[in-house]
Amino acid sequence: MQIEVGSRLPVRKAEPTGFVWQKAEIISTRTAADGSQSYYVHFVDFNKRLDEWVGFDRLDTSKIEPPKPPATLDKSKTGPGSGRGSASAAQRKRRVEEDPVQLTPNKLTALQHANSVGPDLAASRADTPLGTDGELRSSEIDPATPLPISFGAAGLAEAGTASSTAPGTPGVEGANNLSAGGSMRRGPPMTGSIWSSDDVVTRMKNIDLIEMGRFQVRPWYFSPYPEELTKGPILYICEFCLKYQPTKTAFLRHKDKCGLRHPPGNEIYRKDTLSVFEIDGRKHRNYAQNLCLLAKLFLDHKTLYYDTDPFLFYIMCEIDDRGSHLVGYFSKVCAQTSADCLFQFVSEPSSNLSLSLVPIPSAGKESSEDYNVACILTLPQYQRKGYGRLLIEFSYELSKIEAKVGSPEKPLSDLGLLSYRSYWSFAILETLRNYQGSMAIADLSAYTCIKREDVLSTLQHLNLIKYYKGQYVIVIPVEMAEAHDKQAAKLKVRIDDQCIIWQPIDWVKRGKW
24 MQIEVGSRLP VRKAEPTGFV WQKAEIISTR TAADGSQSYY VHFVDFNKRL DEWVGFDRLD
84 TSKIEPPKPP ATLDKSKTGP GSGRGSASAA QRKRRVEEDP VQLTPNKLTA LQHANSVGPD
144 LAASRADTPL GTDGELRSSE IDPATPLPIS FGAAGLAEAG TASSTAPGTP GVEGANNLSA
204 GGSMRRGPPM TGSIWSSDDV VTRMKNIDLI EMGRFQVRPW YFSPYPEELT KGPILYICEF
264 CLKYQPTKTA FLRHKDKCGL RHPPGNEIYR KDTLSVFEID GRKHRNYAQN LCLLAKLFLD
324 HKTLYYDTDP FLFYIMCEID DRGSHLVGYF SKVCAQTSAD CLFQFVSEPS SNLSLSLVPI
384 PSAGKESSED YNVACILTLP QYQRKGYGRL LIEFSYELSK IEAKVGSPEK PLSDLGLLSY
444 RSYWSFAILE TLRNYQGSMA IADLSAYTCI KREDVLSTLQ HLNLIKYYKG QYVIVIPVEM
504 AEAHDKQAAK LKVRIDDQCI IWQPIDWVKR GKW
């Protein structure tokens, strides 16, 4: 049976409990030497990292949907307000009605809180300042105005329901409502596949398996390794210098010659078995290029940049008797480089290009000076061990040494956004728990080095800002405070700022660009 590319049909998808039927789209087909057909499928409404090749026996052809014909533009209906990106009033109204309700003061409905809201708070709600769309704006709270902090005070703890998600485990809905500017509002889902590509080549994984040290890992996305190296069943990557080889024989030959047992650059942190190296993309171009190619296998929302010179890379490693093993990294643009000077390319990969990962530009513009992370990744074999959190914490510790606030470049991947929301929630709650009295948003931002917009959006996400007797207050429910204390007790590894040996780079000595 001939199945066309673009068709949709149920496909048996592997789950921990077994196989389930899931609707998928056929992206490509291939024929093996024995004549058998296999199909590259994308599961609808799932991240691209779950795409895979499947055999005909996993397809339910009885429910196949033929590919839809390309949409044609009716020129008679074009004009102002029509075309791509426009929407009718009915569509806009429908989107507004479908928007998830944020628990801002005017939306604490009487139906939900008639029995729990005190008379003083109910009377004050009518005077609550609101944005044009009924949502709390960052401009409505003066960052310099101290906000009273209450831990489940009578009459305040009941003012609004606490976030259903415990601190440190942010919900996806809240994550998807974080815009590039940090405010809470509805937007496109911030998933790794937010920037879809029309190029069928880049939509498909070009490497089936990589071997790196003791681990064999299945890549999640396309990465522009040289095409001749991607035709084998396994791509071998040296865990110390990150050089890639197409065959086991070539890799073993390289392994005997490779003298590295840790990343190049300066070791700026070490405690117990954890180490961090700072690598200058200008001095160590080959390592930086190899790192970016490796990272692209697991990052879909980043693109590749011509030159690694403007970037610094911070490599986190596990140390044992065999050497320092890469577990993750983050990069950032050097302070003297403007984000407006960065440009992208879409071309065939070439071995003489130095590559670096940068975010795909978002709709809004932000100063590059506010960014303390351009790209961040924990390798899959080391995930669920707390390393992502440590990388984020380390980036903010560097910001504290630089005495400036920071924020990651947008857009974040789905996993990255959850990790950042978890860290922001923990850091803010930890600061509030250890502080007595009132604290302004600006003070909270300066103390944690988290950008003001990120602080405010996190407070809104946790539903901690209330409007009480004519003023905004921060209310931390007792249950949330107790959950935070339990989470803090479980954290076995934290970044020790006393072990950081680092000073901001003197850009004059580094030389002219």
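Quick note: the sequence shown uses this note's numbering, first residue 24, plus one each step. Glycine residues also receive a C-beta, built at the ideal position from the N, C-alpha and C atoms.
Sequence-distant residues of the same chain with beta carbon closer than 8 Å to residue i, five excluded per side
| i | result |
| --- | --- |
| Cys281 | Cys261, Phe263, Cys264, Lys266 |
| Val478 | Trp447, Ile451, Ile464, Leu467, Ser468, Thr471 |
| Ser85 | none |
| Ile257 | Asp231, Leu232, Ile233, Glu234, Gln239, Lys271 |
| Tyr292 | Ser298, Val299, Phe417, Ile518, Cys522, Ile523, Ile524, Trp525 |
| Trp44 | Pro33, Val34, Arg35, Lys36, Asp83 |
| Tyr410 | Met339, Val350, Gly351, Thr401 |
Limits of the unbroken beta strand (DSSP E) element including residue i
| i | result |
| --- | --- |
| Asp330 | No beta strand (DSSP E) contains Asp330, which DSSP labels as neither H nor E. |
| Asp83 | Element bounds for Asp83: n/a, residue is neither H nor E. |
| Lys423 | First-last for Lys423: 410 to 425, but that is the alpha helix (DSSP H), not the beta strand (DSSP E). |
| Ser238 | For clarity, residue 238 is Phe in the given sequence; the question names Ser instead. Start and end: 238 to 240. |
| Phe300 | 297 to 303 |
| Met462 | 461 to 463 |
| Ala56 | Taken as a continuous stretch (DSSP letters only), Ala56 belongs to no beta strand (DSSP E), as it is neither H nor E. |
| Gly255 | Taken as a continuous stretch (DSSP letters only), Gly255 belongs to no beta strand (DSSP E), as it is neither H nor E. |
| Trp76 | 75 to 78 |
Close Cβ partners of residue i (< 6 Å) along its chain, the five nearest in sequence each way excluded
| i | result |
| --- | --- |
| Ile87 | Ser30, Leu32 |
| Arg81 | Val34, Arg35 |
| Ile342 | Thr296, Ser298 |
| Arg53 | Ser61 |
| Thr225 | Phe245 |
| Tyr405 | Val350 |
Residues bridged to residue i (per DSSP)
| i | result |
| --- | --- |
| Ile49 | Val64 |
| Pro247 | Its beta-bridge partners do not exist; DSSP assigns none. |
| Met235 | Phe238, Ile260 |
| Pro431 | Val396 |
| Val356 | Phe334 |
| Tyr491 | Gln494 |
| Trp44 | Arg35 |
| Met339 | Val299, Gly351 |
| Arg293 | Ser298 |
| Tyr267 | Ile260 |
Counted within 10 angstroms of its Cβ, other Cβ atoms place residue i as buried (16 or more) or exposed
| i | result |
| --- | --- |
| Glu250 | exposed |
| Ala508 | This sequence places Asp at residue 508; Ala is not what is there. With fewer than 16 other Cβ atoms within 10 Å, it is exposed. |
| Thr331 | buried |
| Thr481 | buried |
| Gln483 | buried |
| Ala273 | exposed |
| Asn289 | exposed |
| Val498 | buried |
| Asn309 | exposed |
| Met24 | exposed |
| Lys515 | exposed |
| Tyr62 | buried |
| Ile488 | buried |
| Ala544 | Beyond the ends of the chain as shown, which are 24 and 536, falls residue 544; an answer cannot be given. |
| Leu275 | exposed |
| Phe42 | exposed |
| Arg475 | buried |
| Lys325 | buried |
| Pro89 | exposed |
| Gly429 | buried |
N- and C-terminal bounds of the alpha helix (DSSP H) containing residue i
| i | result |
| --- | --- |
| Gly288 | Looking at the DSSP string, Gly288 is not in any alpha helix (DSSP H), and its letter there is neither H nor E. |
| Gly439 | 437 to 456 |
| Phe69 | No alpha helix (DSSP H) contains Phe69, which DSSP labels as neither H nor E. |
| Lys474 | First-last for Lys474: undefined, no H or E at that position. |
| Arg517 | Here Arg517 belongs to no alpha helix (DSSP H), and DSSP marks it neither H nor E. |
| His277 | 271 to 280 |
| Ala318 | 308 to 319 |
Residues of its chain near residue i, where Cβ-Cβ distance is below 7 Å and the 5 sequence neighbours each way are ignored
| i | result |
| --- | --- |
| Phe79 | Gln60 |
| Lys228 | Asp74, Pro242, Tyr244, Phe245 |
| Gly346 | Phe263, Arg284, His285 |
| Ser51 | Val28, Tyr63, Val223, Met227 |
| Thr454 | Leu467, Tyr470, Thr471 |
| His65 | Ala47, Glu48, Ile50, Lys71, Asp74 |
Beta carbon proximity, residue i to chain B, threshold 8 Å
| i | result |
| --- | --- |
| Leu421 | The structure shown has no chain B; it contains just one protein chain. |
Given 8 Å as the limit, is there contact between the region 262 to 272 and the region 313 to 325, that is, 3 or more CB pairs closer than that?
-> yes
Is the region 347 to 355 touching the region 394 to 405, taking contact as three or more C-beta pairs under 8 Å?
-> yes
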